Amino acid sequence: RPQPGDWLKIELNSCLIIILVGASMNKLSSLELLKKEGYVITLQKKEFVLYAGLLWLAKTKGLESIKTELIHTDPQKTWFFFKAIAEGKEGTYEGHGDAAPFNVGKLVKPSVFRMAETRAKARALRDYCGVGMCSFEELS
Numbered sequence: 668r669p670q671p672g673d674w675l676k677i678e679l680n681s682c683l684i685i686i687l688v689g690a691s692m693n694k695l696s697s698l699e700l701l702k703k704e705g706y707v708i709t710l711q712k713k714e715f716v717l718y719a720g721l722l723w724l725a726k727t728k729g730l731e732s733i734k735t736e737l738i739h740t741d742p743q744k745t746w747f748f749f750k751a752i753a754e755g756k757e758g759t760y761e762g763h764g765d766a767a768p769f770n771v772g773k774l775v776k777p778s779v780f781r782m783a784e785t786r787a788k789a790r791a792l793r794d795y796c797g798v799g800m801c802s803f804e805e806l807s
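The numbering used here numbers the first residue of the sequence shown as 668 and each following residue consecutively.
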């Protein structure tokens, strides 16, 4: 039997409905919600939030839009610097992110443009959601 604070997942007409039993979201901190849903991972004894979790939490907190802008790139197009703006019911928050072949993992090197944008969005979403923990994608 579900207890207060448990999540119920119900599939209805190919839609997944998630319900928090007997508690409002405000009773759990953002970090507790992310952990409960499996969006926090541990690497070398340190915890990191996943970008997917930040996006999920931001949507539950009324995220209306997230916009990105390429701020700078080098002439060789190997280093990229993005700005992201998250807007919604919680306010407007800005984050910045960069990526280059020297600060990403080997598998990510072909995608430094997208990684820079993801890092910027993750930082804006962390601020929007009030999560002080670094995102895993900021390390990759």
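Just so you know, even glycine gets a beta-carbon here, dropped at the ideal spot from N, CA and C. Predicted model only: the values in this text are computed from it and were never measured.
Check whether residue i and residue j have beta carbons under 8 Å apart
i           : j           : result
residue 762 : residue 751 : yes
residue 799 : residue 783 : no
residue 788 : residue 735 : yes
residue 725 : residue 706 : no
residue 766 : residue 786 : yes
Which residues DSSP lists as bridging residue i, in chain order
i           : result
residue 741 : In DSSP, residue 741 forms no bridge with anything.
residue 759 : 754
residue 709 : 714
residue 765 : 748
residue 736 : 750
residue 697 : The partner list for residue 697 (beta bridge, DSSP) is empty, contrary to what the question assumes.
8 Å contact criterion, which residue i and residue j should meet: CB distance rounded
i           : j           : result
residue 796 : residue 715 : In fact, because the Cβ distance is near 14 Å, the residues do not count as touching under 8 Å.
residue 728 : residue 755 : 7 Å
Residue i versus residue j: straight-line alpha-carbon distance, rounded
i           : j           : result
residue 773 : residue 676 : 37 Å
residue 717 : residue 704 : 11 Å
residue 775 : residue 807 : 7 Å
residue 695 : residue 744 : 43 Å
residue 697 : residue 792 : 12 Å
residue 621 : residue 749 : One cannot answer for residue 621 here, as it falls past the ends of the chain, which runs 668 to 807.
residue 803 : residue 742 : 28 Å
residue 805 : residue 711 : 15 Å
residue 753 : residue 780 : 19 Å
residue 747 : residue 702 : 31 Å
residue 778 : residue 771 : 9 Å
Per-residue burial, residue i [other beta carbons within 10 Å of its own, 16 or more giving buried]
i           : result
residue 769 : exposed
residue 732 : exposed
residue 721 : buried
residue 790 : buried
residue 699 : exposed
residue 737 : exposed
heavy atom of the ligand SAM below 7 Å from residue i C-beta
i           : result
residue 801 : For the structure depicted, the ligand SAM is absent and the ligand set is empty, with no information on it obtainable.
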